[in-house]
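Structure representation (structure tokens):
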């Protein structure tokens with residue numbers, strides 16, 4: 002398993018005193034913890050990684066670790082901590098200054114705003130980022146942000162807006178023939194919305210599928226609940 006291999010790599014780097022490499026390996030290991038729902042363990046490991054990675058020598062790795070920590074804190078319901086860390090991390094994004102880094106920052110601002118219950122602020126950020134990704138033909142990123150926007154709209158009871166968001170993303174995926182199973186997942190969510198049966202759990206399920214399908218064209222979408230009729 003990947004986790005065991007990484008544990009061996011971590012032990013080797015620790016023995017050699019290769020601290021930057023150790024920090025990067027801990028980042029990879031933390032991702033596995035996050036995927037299995039072990040958020041507290043993921044957060045602890047990311048903090049260890051940040052203590053080891055030199056931001057002068059490895060600025061991008063350091064920023065990725067900070068980004069992941071903010072996301073994990075937010076997912077764990079510790080959005081105030083995430084907000085405080087985002088405040089100190091924003092200058093690192095601005096220093097990079099490229100468009101994709103700034104879009105990641107704006108997306109992150111939306112996620113933290115959503116976690117804090119600032120839903121209108123979150124929706125504005127998500128719309129901006131979704132539109133920018135569509136302009137850049139980054140369809141998967143646009144779809145992922147759209148799902149974050151849909152989650153906010155669900156909390157606000159804006160079903161009509163959700164239908165429009167889903168139709169726009171589906172039209173893009175269909176027109177560009179991006180991934181048939183991704184289309185299926187989005188269509189499934191659309192059907193649930195039309196029947197007023199969509200919830201945050203389903204949105205999260207579709208988002209998790211799209212994230213995995215992005216690098217696996219053969220992945221098949223099998224919903225955990227019966228499809229809407």
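In our numbering, the protein residues as written are 2 to 230. Cβ atoms here follow ideal geometry from the backbone N, Cα and C, with glycine treated the same way. Just so you know, these numbers come straight off a predicted model, no measurement behind them.
Open item on the list: Tell me the rounded alpha-carbon separation between residue 131 and residue 144.
Closed with: Taking the first residue of the chain shown as 1, we reach residue 131 at position 130. Taking the first residue of the chain shown as 1, we reach residue 144 at position 143. Cα to Cα, residue 131 sits roughly 7 Å from residue 144.
TODO: State the DSSP-derived secondary structure class of residue 75, mapped to helix, strand or coil.
DONE: On the chain shown, residue 75 is found 74 positions in, with the first residue counted as 1. Three-state result, residue 75: helix.
- [ ] Output the residue ranges of the beta strand (DSSP E) runs that lie fully inside the region 74-137 and measure 3 residues or longer, sorted by chain position.
- [x] none
- [ ] Identify whether residue 4 lies in helix, strand or coil by the three-state DSSP scheme.
- [x] Looking up residue 4 in the chain shown gives position 3. Annotated three-state conformation of residue 4 is helix, per DSSP.
- [ ] Would you check if the distance between the CB atom of residue 3 and the CB atom of residue 33 is smaller than 8 Å?
- [x] Locating residue 3 in the chain shown gives position 2, where the first residue counts as 1. Locating residue 33 in the chain shown gives position 32, where the first residue counts as 1. Yes, they are a contact pair.
TODO: State buried or exposed for residue 209, treating a residue as buried only when at least 16 other CB atoms are found within 10 Å of its CB.
DONE: Against the chain shown, residue 209 aligns to sequence position 208. Exposed: under 16 other Cβ atoms inside 10 Å.
Task: Distance, residue 213 Cα to residue 35 Cα - done: Locating residue 35 in the chain shown gives position 34, where the first residue counts as 1. Locating residue 213 in the chain shown gives position 212, where the first residue counts as 1. Looking at the two C-alpha atoms, the distance is approximately 14 Å.
Open item on the list: Is the beta carbon of residue 110 closer than 8 Å to that of residue 126?
Closed with: As a first step, residue 126 must be located in the chain shown, where it is residue number 125. As a first step, residue 110 must be located in the chain shown, where it is residue number 109. Contact: yes.
TODO: Count the other CB atoms, across all protein chains shown, that sit within 10 Å of the CB of residue 67; report buried if there are 16 or more and exposed otherwise.
DONE: Locating residue 67 in the chain shown gives position 66, where the first residue counts as 1. Classification of residue 67: buried, given that the 10 Å Cβ count is 16 or more.
Task: Same chain, Cβ closer than 6 Å to residue 179, neighbours up to 5 away in sequence not counted - done: Position 178 of the chain shown, counting from 1, holds the residue named residue 179. These residues qualify, in order along the chain: 140.
Open item on the list: Can you check which of these residues, 80, 120 and 74, is closest to residue 1 by C-alpha distance?
Closed with: The structure shown has nothing for residue 1, since the chain only spans 2 to 230.
Open item on the list: I need the boundaries of the alpha helix (DSSP H) containing residue 197, first residue and last residue.
Closed with: Locating residue 197 in the chain shown gives position 196, counting from the first residue. Per DSSP, residue 197 belongs to no alpha helix (DSSP H) and is neither H nor E.
Open item on the list: When you compare the CB positions of residue 18 and residue 50, do they come within less than 8 Å of one another, or not?
Closed with: The residue given as residue 18 occupies position 17 in the chain shown. The residue given as residue 50 occupies position 49 in the chain shown. No, the Cβ-Cβ distance between residue 18 and residue 50 is not below 8 Å.
Task: The alpha helix (DSSP H) enclosing residue 53, as first and last residue numbers - done: Your numbering for residue 53 matches position 52 in the chain shown. Element bounds for residue 53: 40-53.
Task: residue 152 to residue 16 span [Cα, whole Å] - done: For the purposes of this step, residue 152 is identified with residue 151 of the chain shown, where counting begins at 1. For the purposes of this step, residue 16 is identified with residue 15 of the chain shown, where counting begins at 1. Taking the Cα positions, residue 152 is about 45 Å away from residue 16.
TODO: Since I believe residue 204 is in contact with residue 232 (beta carbons under 8 Å), could you give me their beta-carbon distance rounded to a whole number of angstroms?
DONE: There is no way to answer for residue 232, as the model of the chain reaches only from 2 to 230.
- [ ] Look at the Cβ atom of residue 94, then the Cβ atom of residue 106, and state whether they are nearer than 8 Å.
- [x] Taking the chain shown and counting its residues from 1, one reaches residue 94 at position 93. Taking the chain shown and counting its residues from 1, one reaches residue 106 at position 105. Cβ distance < 8 Å, so residue 94 and residue 106 count as in contact.
Open item on the list: Helix, strand or coil, according to DSSP, for residue 24 in the structure here?
Closed with: Counted from its first residue, the chain shown places residue 24 at position 23. Looking at residue 24 - three-state DSSP - the assignment turns out to be helix.
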